[in-house]
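**Q** Line order of the protein sequences matches chains A and B. According to numbering that gives the first Met the number 0, the first sequence holds residues 0 to 317 in order. According to numbering that gives the first Met the number 0, the second sequence holds residues 0 to 317 in order. Note that beta-carbon positions come from the ideal geometry of N, C-alpha and C, so glycine has one too. Remember, predicted model here, so these are calculated numbers, not experimental data. The structure under discussion is supplied below as structure tokens; questions concerning it will follow.
Number of protein chains: 2
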Amino acid sequence: MLPTLRQLEYVVAVAETGQFVEAARRCAVSQPALSRQVREVEELPGVRLFARARPRVLLTPVGAEVVGRASGLLAQARELVEVAAASAGARQGTVRLGVIPTIAPYGLPGLLAKLRGLFPEVGFAIHELQTHVLLDHLRAGTVDLGLLARPFDDHGLQGRDLVVEPFVLVAPATHPLGVPEAIRAADVAGASLLLMDDGHCLRDQAIDVCAVAGAPPATLVSAASVSTLVRMVESGLGPTLLPASALAAELRPGQGLVARSFLDAQPGRTLTLQWRTTSPYGAWFEGIGTVLGEHYLDLDAAMPEVAGPRPRIRMLEP
Amino acid sequence: MLPTLRQLEYVVAVAETGQFVEAARRCAVSQPALSRQVREVEELPGVRLFARARPRVLLTPVGAEVVGRASGLLAQARELVEVAAASAGARQGTVRLGVIPTIAPYGLPGLLAKLRGLFPEVGFAIHELQTHVLLDHLRAGTVDLGLLARPFDDHGLQGRDLVVEPFVLVAPATHPLGVPEAIRAADVAGASLLLMDDGHCLRDQAIDVCAVAGAPPATLVSAASVSTLVRMVESGLGPTLLPASALAAELRPGQGLVARSFLDAQPGRTLTLQWRTTSPYGAWFEGIGTVLGEHYLDLDAAMPEVAGPRPRIRMLEP
DNA sequence: GGTGTCGATACCTTGGAGGTATGGGCGATG
DNA sequence: CATCGCCCATACCTCCAAGGTATCGACACC
């Protein structure tokens, strides 16, 4: 179906030397062997490539066309092995992975172990950055790969949406919203939720959930990390929304906290892995996305019990 | 030294399916056979292309790079055989060959026979055109290949200089220059040579020969073809310069003509084969140039006796 | 814990690529 | 004009490497 690269080498050699014997010498094979391979290349499409014009052979028009393409192919093939050999053995570079702070503490630890196992020759550097900073670094090329939550401005980037993780309401047991009763998104409208500091996308997402029902939450205090946020809830300052992947790490028994999932269309956020459209490692990053997606299945399985329907971290198909 | 195209197919199939078994099915080989070939591609440069991550295999960074290049190679290879197969059997197009009038009657007949023998599947259309018209057609693409004499403006063209053919003085036996005596270029300076019509490069070349010695020839009559020119010389109107390749056809015994070569640095003209730099058939045209050069060796051998040193049509190396 | 799937390994088989010997055609040479 | 020599094609043989079958080990899912 396809000619061999070696056969193409023979054809090019004949074209360049104008002789079968000389070409055979150059290719370090016997002349009959070369003749036979050349003939096969001619027979495959049923075309004469060479005009046997003593005392030399000349190219036919198709021959010229084929030889031109063939030498291009050979050059690219040689480049391929060269590029591959260049990155043999040695460290195959370091990938700078940017992660937003509301994902990093929960998504990363297990993931990095998996990645190191799969790609031992690659280094991974982690940068914890807020969404807009992460996007700047991604576009500037100081970060290669970004793990963040939608929505964001994705021009110049491409990637793969991994999972939708639902939000879970976390409230002090003493809080009105803490009473064990079914809740809906509308129930948190106007509630005085504790929020992340300005600049964290989780803050905007929480506000969004409330805004859906009309009223943005009025709040006075804010936290710089999810962990702090939970401590504040623990202190009875008010309820908050947590992404499901944070529950296992942040909820401990005997904290006086109630976690409750939503009954209706569960609010949630989409986590996505992004890279520059121009990145040469797109195909590889796709694979990392797959690993990440599976990693979130593990996180889903490790999720603690909450009141209401069990929140599901839902995989998205590529 | 180089991977097989088939091996690259296997690698690409594994990358696309993410499975060895599925890839083997797609390639219509057994799974162990495919595994082995993939391993060889990995061993050649000493690189891991795939991370065996159950339940699928993932690309490594080098793997992604290699697979990208490999699929490009495969696409080009398929295109190569497709292009070749498309021009199989059927007529492989027609080459429009432009020739200047002072070459055509002498250079062409034998050449066409040779070309038809070498390239039976190609048609040759001949266009007899003066240099400047020929150049216009060449650049416009209405002529593919031009056979002409230097000098000319060759921008946008490339080609191969074939031969230098000397000029020979042809004079009536009764003419002063017809006396059997050694002549030099200086002897024709100021001579009243018969010339071709304006527009024929042979006219300019003859004038050049005279101008070298200082004085352009003063002449009153001119001819539209070399044949007419010789008839005029025969009528005693004066001498002229002929290119050596025309002698065999134009000089017959008993015409009362004397042909005489030059003693010193023989004046002559360089014949060249030209085509557009953008032509995809450059490599083929080179071959046609070779055939043409050899054809001129035949013409040289067929040259009749002339007074003075035997004029030599001299081959130029490519 | 049984079962199924996937990739790796071991061993055998065979087709095709390569080598040697030889033939035919053309050009060069004396 | 006969001979030689060069170049490409053909014929036949050899052998390696690509492919197939059988099997194993690992992991996932019942």
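If you follow the beta strand (DSSP E) that ILE287/B is in, where does it begin and where does it stop?
**A** From DSSP, ILE287/B is part of no beta strand (DSSP E) but of the alpha helix (DSSP H) over 281 to 300.
**Q** Residues of the stretch 49 to 69 of chain B with a CB closer than 8 Å to any CB of chain A: list them in chain order, please.
**A** Against chain A - using a Cβ distance shorter than 8 Å - the residues of the stretch 49 to 69 of chain B are ALA50, ALA52, ARG55, LEU57, LEU58, THR59, PRO60, VAL61, GLY62, ALA63, GLU64, VAL65, VAL66, GLY67, ARG68, ALA69.
**Q** Quick one: is the Cβ of LEU193/A within less than 7 Å of any heavy atom of the ligand GTP?
**A** Among the components modelled here there is no ligand, and therefore nothing to report on the ligand GTP.
**Q** With a 10 Å radius around its C-beta and 16 neighbouring C-beta atoms as the bar for buried, classify VAL11/A as buried or exposed.
**A** The residue is buried, with at least 16 neighbouring Cβ atoms inside 10 Å.
**Q** Return helix, strand or coil for SER244/B, following the three-state DSSP convention.
**A** Three-state DSSP puts SER244/B in a helix.
**Q** Mind checking the stretch 101 to 133 of chain A against chain B and listing, in chain order, the residues whose C-beta falls within less than 7 Å of any C-beta there?
**A** Listed by position along the chain: LEU117, PHE118, VAL121.
**Q** Are there 16 or more other CB atoms within 10 angstroms of the CB of ARG115/B, so buried, or fewer, so exposed?
**A** Per the 10 Å Cβ criterion, exposed.
**Q** Need the endpoints of the alpha helix (DSSP H) that THR16/A sits in, please.
**A** Per DSSP, THR16/A belongs to the alpha helix (DSSP H) from 4 to 16.
**Q** Buried or exposed: which applies to HIS154/A, given that a residue is buried once 16 or more other Cβ atoms fall within 10 Å of its Cβ?
**A** Its Cβ having fewer than 16 others within 10 Å, HIS154/A is exposed.
**Q** In its own chain, which residues sit with a C-beta less than 8 Å from the C-beta of ARG183/B, not counting the 5 before and 5 after it?
**A** Around ARG183/B: PHE261, LEU262, ASP263.
**Q** Interface residues of chain A around PRO279/B at Cβ under 9 Å?
**A** Neighbours of PRO279/B on chain A, chain order: PRO60, ALA63, GLU64, GLY67.
**Q** Should the stretch 54 to 74 of chain B be called in touch with the stretch 96 to 113 of chain B, which here means at least 3 C-beta pairs below 8 Å?
**A** Counting Cβ pairs under 8 Å, fewer than three are found: no touch.
**Q** Does any C-beta atom of chain B lie closer than 8 Å to the C-beta of LEU79/A?
**A** Judged by the 8 Å Cβ criterion, LEU79/A is in contact with chain B.
**Q** Classify HIS154/B as helix, strand or coil using the three-state DSSP reduction.
**A** Coil.
**Q** So what's GLU316/A in DSSP terms, helix, strand or just coil?
**A** Three-state DSSP puts GLU316/A in coil, outside helix and strand.
**Q** Identify each residue in the stretch 139 to 162 of chain B for which the Cβ-Cβ distance to at least one residue of chain A is less than 8 Å, and report them in chain order.
**A** Within the stretch 139 to 162 of chain B, no residue has a Cβ that lies closer than 8 Å to any Cβ of chain A.
**Q** Starting from the beta carbon of GLN75/B, find every residue of chain A whose beta carbon is closer than 8 Å, and list them in chain order.
**A** Correct list: ARG68, GLY71, LEU72, GLN75.
**Q** Answer yes if the stretch 197 to 207 of chain A comes into contact with the stretch 281 to 289 of chain A, meaning at least three C-beta pairs across the two stretches below 8 Å, and no otherwise.
**A** No, the stretch 281 to 289 of chain A is not in contact with the stretch 197 to 207 of chain A.
**Q** Could you have a look at ASP143/A and say whether DSSP puts it in helix, strand or coil?
**A** Coil.
**Q** I want to see whether chain A comes within less than 8 Å of ALA32/B, judged by CB atoms only; does it?
**A** Output row for ALA32/B: interface = no.
**Q** Using a Cβ cut-off of 8 Å (strictly closer), state whether ALA367/A contacts chain B.
**A** Past the boundaries of the shown model lies residue 367/A; chain A is included only from 0 to 317, so the question cannot be answered.
**Q** So if DSSP puts HIS199/A in a beta bridge, which residue, or which two residues, is it bridged to?
**A** Answer by DSSP bridge pairing: none, since HIS199/A is not bridged.
**Q** Going by Cα to Cα distance, which pick from LEU246/B, THR277/B, THR271/B is closest to PRO310/B?
**A** Ranking the options by Cα distance to PRO310/B, first place goes to LEU246/B.
**Q** Compare the C-alpha of SER361/A against each of GLY106/B, VAL94/B, GLU64/B and name the closest.
**A** The requested residue 361/A does not occur in the structure, where chain A is confined to residues 0 to 317.
**Q** Starting from GLU120/A, trace the alpha helix (DSSP H) in both directions and tell me its first and last residue.
**A** No alpha helix (DSSP H) holds GLU120/A; DSSP gives it neither H nor E.
**Q** GLY92/B versus chain A: which residues are under 8 Å apart at the beta carbon?
**A** What GLY92/B touches in chain A: PRO60.
**Q** Answer with yes or no whether the minimum CB distance from TRP274/B to chain A is below 8 Å.
**A** So no, TRP274/B is outside the interface.
**Q** VAL121/A to GLU78/B, Cα distance in whole Å?
**A** Roughly 36 Å separates the two Cα atoms.
**Q** Counting only Cβ pairs nearer than 8 Å, list the residues of chain A close to VAL290/B.
**A** ALA52, LEU57, listed in chain order.
**Q** Taking the alpha carbon of GLY92/A as the point to measure from, which residue in PRO279/A, ALA300/A, GLY292/A has its own alpha carbon closest?
**A** The option with the nearest alpha carbon to GLY92/A is PRO279/A.
**Q** Starting from GLN273/B and walking both ways along the beta strand (DSSP E), at which residues does that stretch end?
**A** It spans 267 to 275 - the beta strand (DSSP E) in which GLN273/B sits, taken as one unbroken run.
**Q** Comparing alpha-carbon positions, which option in PRO252/A, GLY106/A, LEU4/A lies nearest LEU147/A?
**A** It is GLY106/A.
**Q** Name the chain A residues whose beta carbon is nearer than 8 Å to that of PRO2/B?
**A** Those within 8 Å of PRO2/B in chain A are LEU4, ALA76, LEU79, VAL80.
**Q** In this structure, what does DSSP give as the bridge partners for LEU168/B?
**A** Answer is LEU240/B, ARG259/B.
**Q** For the beta strand (DSSP E) that contains VAL46/B, what are its first and last residues?
**A** Careful: VAL46/B lies outside any beta strand (DSSP E) and carries neither H nor E.
**Q** Note down, in chain order, each residue of its chain lying with its Cβ closer than 8 Å to the Cβ of GLY307/B, except the 5 sequence neighbours on either side.
**A** Contacts found: ALA181, ILE182, ARG259, SER260, PHE261, LEU262.
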